[in-house]
Amino acid sequence: MRDFSNDMENLSLNTATVRQRWNLEQIIDGCARHGIVDISPWRDQVADCGLEKSAKLIRDAGLTVSALCRGGMFPAADARGRQAAIDDNCRAIDEAVALGSRSLVLVVGGLPEGSRDLEGAREQVLDGMRSIQEYALSCNMPLAIEPLHPMYAADRACVNTLKQALDMCDRLGEGVGVAVDVYHVWWDPELREQIMRAGRSGKLFGYHVCDWMVPTQDLLLDRGMMGDGVIDLKKIRGWVEEAGFNGKCEVEIFSAENWWKKDPDEVLKTCIERHQSVV
């Protein structure tokens, strides 16, 4: 495993981690001040700042972009809704290119309104991804499917295990891989096996860290800071690196009643300390 004890180069900040008290310009400035060299911004934050301005601020601060969050949300109740999702994903690809992002993360979407057809929703995801794949390839923009915890199957992502995501990658082919977020997959008994599969196939595009709190007060907005919960972070990073991943460890924390209320400078300091000690 890489030695992170004094490391800053392998830390990336997902901008959701401090989004409640800082806008994107403030986040970029804060990362530069704290020596964080890589970020993963969200599209709404980029839109609020302006795409061209966001790209310039990132470049001028000397930062790189590991991923743009997010594309996806493909399933819809009718053809018009499905086409709207495809069009939005093409715009997301353009934004990722403008920001110099190394990938576009896809949260694929859940059940269409009024539907109970989970397998049908997954087929809609595949159809949607096929519709944007050629354009993404022409833009040299990798697409990273992020499987989400099964509790999100109905409303956010009908792809819930790394195996499901990699099966989709196999069906789709070139330019499509996965982003592994420990919050969503730490519980999976097949996790090591599937991480190795992703590494063998060159499909491991991203790695996200946080922690699972016990008890969890809110299934969306109560992620823990690394080291505060029950995930064996070093074990999972060991698997990811054994599989050949040598990219950034992206801190992504949604924490409405804890970390989002804290001074963002203190949050960044804590992210750095935990990256170097427990990740």
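Residue numbers (our numbering): 1 to 279. Heads up, the beta-carbon is just placed ideally off N, CA and C, and yes, glycines get one too. In this text the structure is predicted, and so the values were computed from the model without any measurement.
Within a 10 Å sphere around the beta-carbon of Gly-175 sit 16 or more other beta-carbons, which makes this residue buried. Pairing Val-251 with Val-209 gives a Cβ-Cβ distance under 9 Å. In this structure, Cys-90 lies near Ile-132, with their beta-carbon atoms less than 9 Å apart. In summary, Pro-215 is exposed, with fewer than 16 beta-carbon neighbours lying within 10 Å of its beta-carbon over all protein chains present. The Cβ atoms of Ser-277 and Leu-221 lie no closer than 9 Å to each other.
The C-beta separation of Ile-145 from Ala-121 comes to about 14 Å, leaving the pair out of contact by the 8 Å criterion. Taking the Cα of Leu-57 as reference, the smallest distance to any Cα among Leu-233, Val-37, Gly-177, Asp-218 is reached at Val-37.
The beta-carbon distance between Ala-32 and Leu-63, rounded to whole angstroms, is 7 Å. This is short enough to meet the 8 Å contact definition. A distance below 9 Å separates the beta carbons of Pro-142 and Ser-103. Straight through space, the alpha carbons of Asp-263 and Asp-170 are spaced by roughly 43 Å. With respect to Leu-233, Asp-211 sits close: the two C-beta atoms are nearer than 9 Å. Taking a contact as a CB-CB distance under 8 Å, the pair Ala-157 and Gly-81 does not count as one, their CB atoms being some 17 Å apart.
Under DSSP, Ser-40 shares a beta bridge with Asn-14. Here Val-279 is near Phe-4, since their CB atoms are less than 9 Å apart. Of all alpha-carbon atoms in Ile-28, Ser-66, His-34, the one lying nearest the alpha-carbon of Cys-49 is that of Ile-28. Annotation for Pro-150: Asn-160 place their beta carbon closer than 7 Å to its own, counting only its chain and skipping 5 residues before and after.
Shown here, Ile-145 sits in a strand according to DSSP, grouped into three states. Separation of the CB atoms of Leu-126 and Met-168 is rounded to 6 Å, and the pair is thereby assigned contact status at 8 Å. Taking a 10 Å sphere around the C-beta of Met-1, we find fewer than 16 other C-beta atoms and assign the residue as exposed. In this structure His-34 is in contact with Ile-272, their Cβ atoms being roughly 7 Å apart against a cut-off of 8 Å.
Annotation for Asp-29: the continuous alpha helix (DSSP H) segment containing it runs 24-34. Under DSSP, Leu-204 shares a beta bridge with Val-178.
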